[in-house]
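Asker:
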């Protein structure tokens, strides 16, 4: 069973409420679920839609073909008519009747006008549940959690009236579904924020920028329960510099933005590099350059992030593959930033950030915070040198006020072991080398090789970084059904680039990168780092995510047919 | 070692002989010693420029960051450890030009930070271009027929923005500067001292003599809590330039508005990842 619901309408019609409520209900019913969003950059009007795809098997991405189209306006039907499956059904607002066997009118406005004119969306939730032949027990629980008391009664009525206004259509959706007691249903931005919070994040300073703002919103909501400060900075320059000041004082600090903000932050990433101040920056990518497509998705910042700021200094770039990986990366990035005293950039994207998926409950037993701040009895505390030369390049880190009579001096100028400004050639060279040694250690001890999905003997190898993993994984399954021997190598650490598995698998397979940018940036990175020539790239840069079927079809057209 | 905690100054600097930074540093270090502060209790945040090299020449904690960005890291440190005495210090170009936006918004935040601006009305380290506070129409190697913009007036701006402490001082009057620094450090909230100082290498107009002939101290009858007289004094610039505390008001500071649980600095708090596990219920 693979069932796809699309909810479409204007901004301001309450689409998100339907999506939130329905998503939670379907998750609690036991379905595997993948929910993705397509917004326009506006508050009212336009056309927005959300997709809820459910299945009795795990889902990794969205689907284009629609089983059930919930149209809050007639424009939605026009835009999405072609995506309807042959047996697809449209639910649209109107006097209750079945028009042509495919379109069912739900008297949503009529019912809402009776009870609460703002409640059209809840009527639709009821109608959808009836169409899917699900009962209202879980739905009522979810409404209770979602609505304040004064609105709850109305919404229960709206739900029931909607439910009773249509007939059941689908009988067997729940057949192979089991409750998911050990799972959660979570979006990418919340997962990343939660991962960082679990890592002892104390300070998040950012300037609101789509599609990263969800991280800030999640964390802001945690301030009452945790020792956490979320500050809205006056601009991205302040945002990251504030985070560095937090880190300098000894607390874990982070910022988040999208590509344009990362451009503004670039000099400060260099500052984190030369001052060796740990910091984590989430770049939730959207298509650019400049303002680009503010609410859409893309993977165009790979080489930009890796090449942040002028000259050489160690930094790490991680591109989490899905909602689960975003959580663990949020945690791990703070540990790595502290261990190596470097900036760590997390490359997420709108697709990853705004999509929700059911995942296994996060394993808190597996999480250990490692600060790498020297203890009070450390011999380095006496005549403290922030940039002491060491074998592995990592200097003892203390924070201001930690030791009586000792000071901590950090400097954006080249500096000596104490942190004092210098210009002599010898110290400069030694400091550059010291900083560079940290990355050697990181590669030895902490770099994660990509995950491999597929059989042992393959003719083709798909290469993804970040969120293209999900759709590509579905494509691999579809290609296998066609007896095409294909595997998938899904990178999350992208800088430094892990090379071992790639080199091993590249020997016997034709390589294909799958990327949401126009110049195959990952292919370029692989070429420059390994001299491996990737033969093909399946690229897309229209601001929309891949689907599994799309990659499958393009693989057949562009790789097999051209092969 | 006799006293490692004592705040001292270095012998060597990269400043020109006769630079206004020397008397400023002398007054500052004396003020910190007068306040019985140890070197580890003070954190200084600077940007780029000759003034911004201060943490290399006085032994307090120092964050010598980017040009224009002296202020934002200080906010992060205020979040992490409010027990430190925080000074933001830089020149007029770094503070009022490149970093203009941060002054504006940190006056709004009102953090407990002392802001010392070395205002010599010229760019020194880049060799003599106009700064935001340069006199109107002055000519330089870049502004060959005179500046293209009117000067920025820090005191007017800060009083207008409702900064909680606005003062002006002059490096030619050590006692005065010393007192101003102490008053600013003792003020709970944002405290700006616009410090007039000559640039002996590049500013041939605003010399020691030029300032000495114009500055006068606000007398004991002046009431810095009166916003109307503060506006009047903040606007005074030209033949007579008032120095002293122009405006002062106790109000809520940045930290008061944060959702913190207690007075323990965040840097000293332990955290266990499992503390974040209860969030699980929000996603069930």
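Protein chains in written order, with our numbering: chain A, 39 to 601; chain B, 369 to 652. Heads up, the beta-carbon is just placed ideally off N, CA and C, and yes, glycines get one too. Please read these numbers as outputs of a predicted model, since none were measured by experiment.
What are the start and end residues of each continuous beta strand (DSSP E) run of 3 or more residues lying completely inside the segment 191-257 of chain A, in chain order?
Answerer: For the segment 191-257 of chain A, whole beta strand (DSSP E) runs of length 3 or above, ordered along the chain, are 221-225 and 239-244.
Asker: Give the straight-line distance between the Cα atoms of residue 288 of chain A and residue 160 of chain A, rounded to the nearest whole angstrom.
Answerer: Distance between the alpha carbons of residue 288 of chain A and residue 160 of chain A is about 48 Å.
Asker: Per DSSP, what kind of secondary structure is residue 547 of chain A in: helix, strand or coil?
Answerer: Reduced to three states, the DSSP call for residue 547 of chain A is coil.
Asker: Taking Cβ positions only, does residue 388 of chain A come closer than 8 Å to chain B?
Answerer: Not one chain B Cβ lies under 8 Å of residue 388 of chain A.
Asker: Kindly indicate the opening and closing residues of the alpha helix (DSSP H) around residue 89 of chain A.
Answerer: Residue 89 of chain A -> not in any alpha helix (DSSP H); beta strand (DSSP E) instead, spanning 83-93.
Asker: Assign residue 79 of chain A to one of two classes, buried (16 or more other C-beta atoms within 10 Å of its C-beta) or exposed (fewer than that).
Answerer: With fewer than 16 other Cβ atoms within 10 Å, it is exposed.
Asker: Around the C-beta of residue 104 of chain A, are 16 or more other C-beta atoms found within 10 angstroms, so that it is buried, or is it exposed?
Answerer: Buried is the call here.
Asker: Our contact map puts residue 144 of chain A next to residue 204 of chain A with C-beta atoms below 8 Å; I'd like the distance itself, whole angstroms only.
Answerer: Contact holds; Cβ gap of about 6 Å.
Asker: Under three-state DSSP, which class holds residue 383 of chain B?
Answerer: It is coil, neither helix nor strand.
Asker: Go ahead and label residue 369 of chain B buried or exposed: buried means 16 or more other beta carbons lie within 10 angstroms of its beta carbon, across all protein chains shown.
Answerer: Residue confidence for residue 369 of chain B is low, a pLDDT of 47 falling below 50, so the modelled location carries little weight; the figure read from the coordinates is stated next. It counts as exposed.
Asker: Check distances from the C-beta atoms of the segment 433-457 of chain B to those of chain A and list, in chain order, the residues that come in under 7 Å.
Answerer: Within the segment 433-457 of chain B, the qualifying residues are 433, 434, 437, 440, 441, 442, 443, 444, 445, 447, 448, 449, 451 and 452.
Asker: Return yes when the Cβ of residue 537 of chain A is within less than 8 Å of the Cβ of residue 567 of chain A, no when it is not.
Answerer: Against a cut-off of 8 Å, the Cβ pair of residue 537 of chain A and residue 567 of chain A comes out as a contact.
Asker: Taking C-beta pairs closer than 8 Å, name the residues in chain A that residue 648 of chain B reaches, listed in chain order.
Answerer: Going along chain A in sequence order, the residues near residue 648 of chain B (Cβ under 8 Å) are 222, 399 and 400.
Asker: Between which two residues does the beta strand (DSSP E) holding residue 399 of chain B run?
Answerer: Run containing residue 399 of chain B: none in the beta strand (DSSP E); it sits in the alpha helix (DSSP H), 389-402.
Asker: For residue 570 of chain B, return the contacting residues in chain A, with the cut-off set at a CB-CB distance below 7 Å.
Answerer: Ordered by position in chain A, no residue passes the 7 Å Cβ test against residue 570 of chain B, which lies about 21 Å from the chain.
Asker: Answer with buried or exposed for residue 637 of chain B, where buried requires no fewer than 16 other C-beta atoms within 10 angstroms of its C-beta.
Answerer: Answer is exposed; the Cβ neighbour count stays below 16.
Asker: Pull up the DSSP beta-bridge partners for residue 131 of chain A, would you.
Answerer: According to DSSP, which records beta bridges pairwise, residue 131 of chain A is partnered with A:144.
Asker: Going by DSSP, what residue range makes up the beta strand (DSSP E) through residue 112 of chain A?
Answerer: Unbroken run through residue 112 of chain A is the alpha helix (DSSP H), 112-118; no beta strand (DSSP E).
Asker: Under 8 Å Cβ to Cβ from residue 273 of chain A, same chain only, skipping five residues before and after it: list those, please.
Answerer: Excluding sequence neighbours, residue 273 of chain A sits near 245 and 302.
Asker: Measure the CB-CB distance between residue 585 of chain A and residue 509 of chain A and report whether it falls below 8 Å.
Answerer: Result yes, Cβ atoms of residue 585 of chain A and residue 509 of chain A sit closer than 8 Å.
Asker: Are three or more beta carbon pairs between the segment 398-413 of chain B and the segment 232-246 of chain A nearer than 8 Å?
Answerer: As far as the Cβ criterion goes, the segment 398-413 of chain B does not touch the segment 232-246 of chain A, which means the pair count is below three.
Asker: Decide if residue 130 of chain A is buried, meaning its Cβ has at least 16 other Cβ atoms within 10 Å, or exposed.
Answerer: Classification for residue 130 of chain A: buried.
Asker: Return the first residue and the last residue of the beta strand (DSSP E) that residue 500 of chain A is part of.
Answerer: Where residue 500 of chain A is concerned, the enclosing beta strand (DSSP E) stretches over 498-503.
Asker: Using 8 Å for Cβ pairs, my map puts residue 114 of chain A next to residue 47 of chain A. What's the rounded Cβ distance?
Answerer: Rounded, the Cβ-Cβ distance is 6 Å, consistent with contact.
Asker: Let me confirm a value: residue 81 of chain A is counted as buried when at least 16 other C-beta atoms fall within 10 Å, else exposed. Which label applies?
Answerer: When all chains shown are included, residue 81 of chain A counts as exposed.
Asker: Tell me whether the beta-carbon of residue 392 of chain B lies closer than 8 Å to the beta-carbon of residue 563 of chain B.
Answerer: It is a contact, given that the beta carbons lie within the stated cut-off.
Asker: So, using beta-carbon positions, are residue 479 of chain B and residue 282 of chain A closer together than 8 Å?
Answerer: Not a contact, by the Cβ cut-off of 8 Å.
Asker: Would you check if the segment 430-448 of chain B and the segment 438-455 of chain A touch, i.e. whether three or more CB-CB distances between them fall below 8 Å?
Answerer: The segment 438-455 of chain A vs the segment 430-448 of chain B: in contact.
Asker: Can you check which of these residues, A:296, A:263, A:209 and A:349, is closest to residue 252 of chain A by C-alpha distance?
Answerer: Ranking A:296, A:263, A:209 and A:349 by Cα distance to residue 252 of chain A puts A:296 first.
Asker: Would you identify the three-state DSSP class for residue 320 of chain A, choosing helix, strand or coil?
Answerer: Three-state DSSP puts residue 320 of chain A in a strand.
Asker: Would the beta-carbon of residue 538 of chain B fall within 8 Å of that of residue 552 of chain B?
Answerer: Their beta carbons are not under 8 Å apart, which means residue 538 of chain B does not touch residue 552 of chain B by this criterion.
Asker: Considering only C-alpha positions, which residue in the set A:401, A:121 and A:338 is nearest to residue 369 of chain A?
Answerer: Comparing Cα positions, the closest option is A:401.
Asker: Starting from residue 108 of chain A, follow its DSSP beta bridges and name the residues at the other end.
Answerer: Its beta-bridge partners are A:45 and A:129.
Asker: With a threshold of 8 Å between beta carbons, is residue 385 of chain A in contact with chain B?
Answerer: No, residue 385 of chain A does not count as interfacial toward chain B.
Asker: Taking just the CA atoms, how far does residue 258 of chain A sit from residue 651 of chain B?
Answerer: Taking the straight line joining both Cα atoms gives about 17 Å.
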